[in-house]
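Chains as they are written, first to last, in this note's numbering: chain A, 1 to 152; chain B, 1001 to 1156.
Here it is in structure tokens:
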């Protein structure tokens, strides 16, 4: 990693973690009340995040290139069954626990020790899926990212 | 320090803020911001593959940023696990939460992302897989929550 890449990742990651924490979504009630359709916070936050990111990406598309990693290549993948099945399994966890991988971090850092229990389960679930894929002789799933360019 | 903003920073700050984080990561290093991918990178050594180097830095920064917010941000009071811990005793709650974690991990790897990777970053890029995954998990989560609400007589 070049210095530019490292500092970019550290700055964005820290800002993201800060914002998730002050959003109060580490508290069970916030997401739970959202999913009960009683508190619009999560939908407004998610919707405004998507809208801002959509607008920002329109600008980036015009520029066509990134600061440290060459030409911009945004993800564009067709729908497969795994997106529905995986999404459904994820949705059950999201519904019952009213939390997600990012919020689990928030819960733990703000002193909610039950967050640690979820974290252990999360790592176990990621590993378990890898084990199933290996059994099925599939290539292991990782998340998509274009290669980070070599130092300029 | 930031007590004056109350227990929850309004959505019109946090939403656009995380949206800008998504744009920044694409624009700086051409990468899709995702938390489950960062956690996946931590188990890569166990499975014998090499994750992209930025994943672990991202996770460290995420935890760091969250800790800073926990220290200087609005007071977050976590007693137990909300209404779920009023319904279940600690042993049962731990089992349920462990299974919640397994579902989140298993599902996100199967689908190739979670609320951030697919929900924010992928949807904002207009990727069809992300739009379908996000619609699926939000619908299932709402149905599960409404079902729990009904089954527990409104206690959840």
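Where is the CB? At the ideal position from N, CA and C, for every residue including glycine.
- In this structure, the CA atom of residue 46(A) is about 33 angstroms from the CA atom of residue 1047(B).
- The beta carbon of residue 1096(B) sits closer than 7 angstroms to the beta carbons of 1088 from its chain, once the five residues preceding and following it are set aside; these are given in chain order.
- Check the Cα spacing between residue 78(A) and each of 1011(B), 1125(B), 1050(B) and 1106(B): the tightest is with 1125(B).
- Around the beta carbon of residue 113(A), fewer than 16 other beta carbons lie within 10 angstroms, which makes this residue exposed.
- Counting along the chain, the unbroken alpha helix (DSSP H) around residue 1056(B) starts and ends at 1054-1072.
- Taking the beta carbon of residue 39(A) as reference, no residue of chain B falls within 9 angstroms; the closest one sits roughly 10 angstroms away.
- When C-beta atoms of the stretch 106-121 of chain A are compared with those of the stretch 37-51 of chain A, fewer than three pairs fall below 8 angstroms, so the two segments do not count as touching.
- A contact is defined here as three or more CB-CB pairs under 8 angstroms, and the stretch 1-18 of chain A meets this definition with respect to the stretch 1056-1064 of chain B.
- Shown here, residue 40(A) sits in coil according to DSSP, grouped into three states, outside any helix or strand.
- A check of alpha carbon separations from residue 51(A) across 1039(B), 1036(B), 1031(B) and 1017(B) identifies 1017(B) as the nearest.
- For residue 1134(B), the uninterrupted alpha helix (DSSP H) run begins and ends at 1128-1151, by DSSP.
- For residue 136(A), same chain residues with a beta-carbon under 8 angstroms away, outside a window of 5 residues either side, do not exist.
- Residue 1028(B) and residue 1151(B) have their C-alpha atoms roughly 47 angstroms apart.
- Annotated as proximal: residue 26(A) and residue 103(A), with beta-carbon spacing under 7 angstroms.
- For residue 101(A), the secondary structure class from DSSP, reduced to helix, strand or coil, is helix.
- If you check the CB distance, residue 1140(B) and residue 91(A) come in under 7 angstroms.
- Under the Cβ criterion of 7 angstroms, residue 1014(B) is counted among the residues facing chain A.
- For residue 7(A), the closest C-alpha among the options 1057(B), 1013(B), 1023(B) and 1026(B) is that of 1057(B).
- Within the same chain, Cβ atoms closer than 8 angstroms to the Cβ of residue 130(A) are found at 140 and 141, the five residues on either side in sequence being excluded.
- Residues 1093 and 1156 of the same chain have their beta carbon placed closer than 7 angstroms to that of residue 1084(B), with the five preceding and five following residues left out of the count.
- Sequence-distant Cβ neighbours of residue 23(A) in its own chain, meaning closer than 7 angstroms and more than five residues away, are 45.
- Residue 1152(B) is outside the set of residues whose beta carbon lies under 7 angstroms from a beta carbon in chain A.
- Using a Cβ-Cβ cut-off of 7 angstroms, residue 1109(B) counts as an interface residue toward chain A, since at least one Cβ of chain A sits closer than that to its own.
- In the three-state DSSP reduction, residue 1032(B) falls in the coil class, being neither helix nor strand.
- Contact with chain A is found for residue 1098(B), since one of that chain's Cβ atoms lies less than 7 angstroms from the residue's Cβ.
- Chain-ordered listing is empty here: chain B has no CB closer than 9 angstroms to the CB of residue 64(A), the nearest sitting near 11 angstroms.
- Contact with chain B is absent for residue 81(A), since none of that chain's Cβ atoms lies less than 7 angstroms from the residue's Cβ.
- Note on geometry: alpha-carbon atoms of residue 1149(B) and residue 98(A) lie some 13 angstroms from one another.
- Every alpha helix (DSSP H) stretch that sits fully inside the stretch 15-98 of chain A and reaches 4 residues is listed by chain position as 28-35, 41-63 and 81-97.
- The Cβ of residue 1047(B) sits closer than 7 angstroms to at least one Cβ of chain A.
- For residue 1086(B), the enclosing alpha helix (DSSP H) has its first and last residue at 1082-1087.
- Using a CB distance cut-off of 7 angstroms, residue 1091(B) does not count as an interface residue toward chain A.
- Judged by DSSP secondary structure, residue 115(A) falls within the alpha helix (DSSP H) whose first and last residues are 114-135.
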